[in-house]
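These notes concern the structure reproduced below.
Number of protein chains: 2
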Amino acid sequence: MSPTNQQVLLAARPTGFPNPTDFRLVEAPIPEPADGQFLVGIAYLSVDPYMRGRMNAARSYADPQKLDEVMGGGAVGKVLASRHPGFAEGEYVVGMFGWQQYALSDGRGVMQVDPRLAPISAYLGVLGMPGFTAYFGLLDVCAPRPGETVVVSGAAGAVGSTVGQIAKIHGCRVVGIAGGDDKIRWITEDLGFDAAFNYKTESPYQKLKELCPAGIDCYFDNVGGSITDAVLPLMNTSGRVSICGQISMYNLEKPETGPRLFPLVLVRTLKVQGFLVFQYASRYGEALPKLAGWLQEGKLKYRETVAEGIENAVSAFLGMLRGENIGKQLVKISDQ
Amino acid sequence: MSPTNQQVLLAARPTGFPNPTDFRLVEAPIPEPADGQFLVGIAYLSVDPYMRGRMNAARSYADPQKLDEVMGGGAVGKVLASRHPGFAEGEYVVGMFGWQQYALSDGRGVMQVDPRLAPISAYLGVLGMPGFTAYFGLLDVCAPRPGETVVVSGAAGAVGSTVGQIAKIHGCRVVGIAGGDDKIRWITEDLGFDAAFNYKTESPYQKLKELCPAGIDCYFDNVGGSITDAVLPLMNTSGRVSICGQISMYNLEKPETGPRLFPLVLVRTLKVQGFLVFQYASRYGEALPKLAGWLQEGKLKYRETVAEGIENAVSAFLGMLRGENIGKQLVKISDQ
């Protein structure tokens, strides 16, 4: 255990793709919990695409990340000391603890996690925010029916890989789009996607046309941009599009233009729905036992790419933005 | 009454904006109804934006209009002779009778209309397809709540003018976008829109920002393109967009590009839904008494732009595509 609390701050707002110099690693004293607080020793940090948006000055759905403050983000760890009646020393918890080794919490937005159900890191992935995102974004927004064709972009990420497997569990034909042959092998050979292709070496429109002979009924979009341009013309009448992420555009210095898609939304009578997992917070309790059940039955698998040490949080984040991870990108902070 | 049946055929598929030479006026004998058929003497034809799409060779939601055949389209008229048990001579009917003076029908898709409830021409407008389009596209797709701000493009057309009034009836603040000062005067002074502006002389984004100080909750889109680009950034979180038409693009020779809108769909968690009124066919019976009731109470008004004679059907259609009509564009064929 480190004697101080190492923290990563946002030092500057990135323009375009972030630089390591946009962040700063600092040391602070390990804080003491006051009445109603507890101290968490962090085991794993999550780095996620949404964090890039929060680094901009403009408010989107949440307030921007403040400069010179600890980078916000989900983390899982152990309660080391508690003066809070609801959280006991030794319990494992998940919450928005930020990019640091130790965090104080008053319990808001924090959930206890069960380390017997799954390794605690899973609560940042398949049993956490990415899992809930996949669950509600697919089942609630797309509502796929057995036999329908579901296409997922960002298919080898934490969310996309879960989406595809949930669609398989629901009897769909699933086609994944990802950026790497190793990713394609994983989602088809290990996860059971019916087909997948590497958008970096194949023409998305041509491949989708070949792999979706009955057209596309549901599209779970993590990336946007030219991949989405290729999907939309292949959508069937009354198709549903779940907009979960648009990572291809998060690092653009200027907004890009593209073909207008609303005419297709009209003639195919599509529903295109943007969503945020937080909208479903009151229903996480519905998703968790389902996801945990599928995990235990072996119907739902996951993979993690784990960087070691808080000093590697920034490079893990940048690597995730470049698509270098397979499955959930984590940063291991300690053996809590 | 003309001794023959004058008909307008599609002579060539237009490229870009249609030319009068893409159509041909011909004469045919007045047909005789066979068993199970009836003859309609047409009083009014409807010309509608959707017809432009059907003139292209590509299938969209319906099969293309066939070349050298009578232009399809809604019309209202009187049963002149009947060998069909469900339709009696002297009854008024609305159906897809096409651009001609007389039509044979077997009754499929034909409804009797009540001339005591409203002038029969209204069954091509506020009590017909455009009225149902407005009713379901607003209430079912956007589901506006009292106090919400509803923006309508193409606001002085048959659909848009009805949408705005239905939104007012439901307690919304309504802002219309149209292309002409006379249109703006009509929808604000006569129809009770809270505000409106002429997109040809004002900046849509600046005007909308000024006229929608609480943001936009619902957008009923008839036009697409740069007007929609101006609306989307002003949408509130969880806003709803009903895509009814994209007339600004129907006559483009090449698809145009524009700013990508899906990132806004994501961060504002918008629902964007394309719809066709035919999807609601089983519920027309729900809409008709509502629309007729509002009409009789004076809460719903309409206006017609009427061209005279089948020889003017093409120019009426082209004028409608150029936005020259106010309210519903009709062609009067006879005094049936």
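Protein chains in written order, with our numbering: chain A, 1 to 336; chain B, 1001 to 1336.
No residue lacks a Cβ here, since even glycine has one placed at the ideal position from N, Cα and C.
- For a Cβ distance threshold of 9 Å, residue set Arg1260, Phe1262, Pro1263, Leu1266 of chain B lies close to glycine 224 (chain A), ordered along the chain.
- Glutamine 246 (chain A) has a beta carbon lying within less than 7 Å of a beta carbon in chain B.
- In the three-state reduction of the DSSP assignment, phenylalanine 97 (chain A) falls in the coil class, being assigned neither a helical nor a strand state.
- Across the structure, methionine 1096 (chain B) and arginine 1116 (chain B) are spaced so that their CA atoms are roughly 22 Å apart.
- Judged by DSSP in its simplified three-state form, asparagine 1312 (chain B) adopts helix.
- With respect to chain A, the C-beta atom of proline 1255 (chain B) has a partner C-beta closer than 7 Å.
- Residues of the segment 1056–1071 of chain B whose Cβ lies closer than 8 Å to any Cβ of chain A, in chain order: Ser1060, Tyr1061.
- In terms of Cβ geometry, leucine 270 (chain A) and glutamine 165 (chain A) do not form a close pair [threshold 7 Å].
- Close to isoleucine 243 (chain A), with beta-carbon spacing below 7 Å, are these residues of chain B in chain order: Phe1262, Val1265, Leu1266.
- For phenylalanine 1017 (chain B), the three-state secondary structure derived from DSSP is coil.
- In the three-state reduction of the DSSP assignment, glutamate 304 (chain A) falls in the strand class, which pools E and B.
- Annotation: lysine 1328 (chain B) is outside any alpha helix (DSSP H); the continuous beta strand (DSSP E) that includes it extends over 1328–1332.
- In the three-state reduction of the DSSP assignment, glutamine 1246 (chain B) falls in the coil class, being assigned neither a helical nor a strand state.
- Contact check for isoleucine 227 (chain A) and proline 259 (chain A): beta-carbon distance about 13 Å, past the 8 Å limit, so the pair fails to qualify.
- Taking 7 Å as the CB threshold, valine 1272 (chain B) lines the interface with chain A.
- Spatial neighbours of phenylalanine 1197 (chain B) in its own chain (CB-CB distance under 6 Å, excluding positions within 5 residues in sequence) are listed in chain order as Lys1207.
- Between the segment 40–56 of chain A and the segment 118–138 of chain A, the count of C-beta pairs closer than 8 Å reaches three or more; the two stretches touch.
- Against chain B, the beta carbon of leucine 276 (chain A) has neighbours under 7 Å at Thr1269, listed in chain order.
- Put simply, of A:Gln6, A:Asp182, A:Ile187, A:Glu297 the residue whose alpha carbon is nearest the alpha carbon of threonine 201 (chain A) is A:Asp182.
- Alanine 1012 (chain B): not part of any alpha helix (DSSP H); DSSP gives it neither H nor E.
- In this structure, glycine 1131 (chain B) and tryptophan 1099 (chain B) do not form a Cβ contact; the two beta carbons are roughly 21 Å apart against a cut-off of 8 Å.
- Non-local beta-carbon contacts of methionine 1235 (chain B) in its own chain, meaning distances under 8 Å to residues more than five positions away in sequence, involve Gly1215, Ile1216, Asp1217, Tyr1219, Val1241, Leu1264, Arg1268, Leu1270 in chain order.
- Between the C-alpha atoms of glutamine 1336 (chain B) and tyrosine 1102 (chain B) there is a straight-line separation of about 11 Å.
- One finds Tyr1061 in chain B with Cβ atoms closer than 8 Å to the Cβ of threonine 237 (chain A), taken in chain order.
- The beta-carbon of methionine 249 (chain A) is placed less than 7 Å from the nearest beta-carbon of chain B.
- Setting aside the 5 residues that flank it on each side, valine 1026 (chain B) is surrounded in the same chain by Gln1007, Leu1009, each with a C-beta closer than 7 Å to its C-beta; the list follows chain order.
- Counting along the chain, glycine 1179 (chain B) sits inside no beta strand (DSSP E), nor does DSSP assign it H or E at all.
- If you look at threonine 257 (chain A), you'll find it in the beta strand (DSSP E) that goes 257–259.
- Under the DSSP assignment, serine 1153 (chain B) falls in the beta strand (DSSP E) whose first and last residues are 1149–1153.
- The C-beta of alanine 158 (chain A) has 16 or more other C-beta atoms within 10 Å across all chains shown, which makes the residue buried.
- With fewer than 16 neighbouring CB atoms inside 10 Å of its own CB, glycine 171 (chain A) falls in the exposed class.
- By the Cβ neighbour-count rule, threonine 1004 (chain B) is exposed, with fewer than 16 other Cβ atoms within 10 Å of its own.
- For the segment 104–122 of chain A, the set of positions with a beta-carbon nearer than 8 Å to some beta-carbon of chain B is empty.
- Nearest to lysine 66 (chain A) by C-alpha distance, out of A:Met51, A:Arg303, A:Gly179, is A:Met51.
- Separation of serine 315 (chain A) and isoleucine 120 (chain A) (C-alpha to C-alpha, rounded to the nearest whole angstrom) is 23 Å.
- In the displayed model, isoleucine 1030 (chain B) falls within coil according to three-state DSSP, outside both helix and strand.
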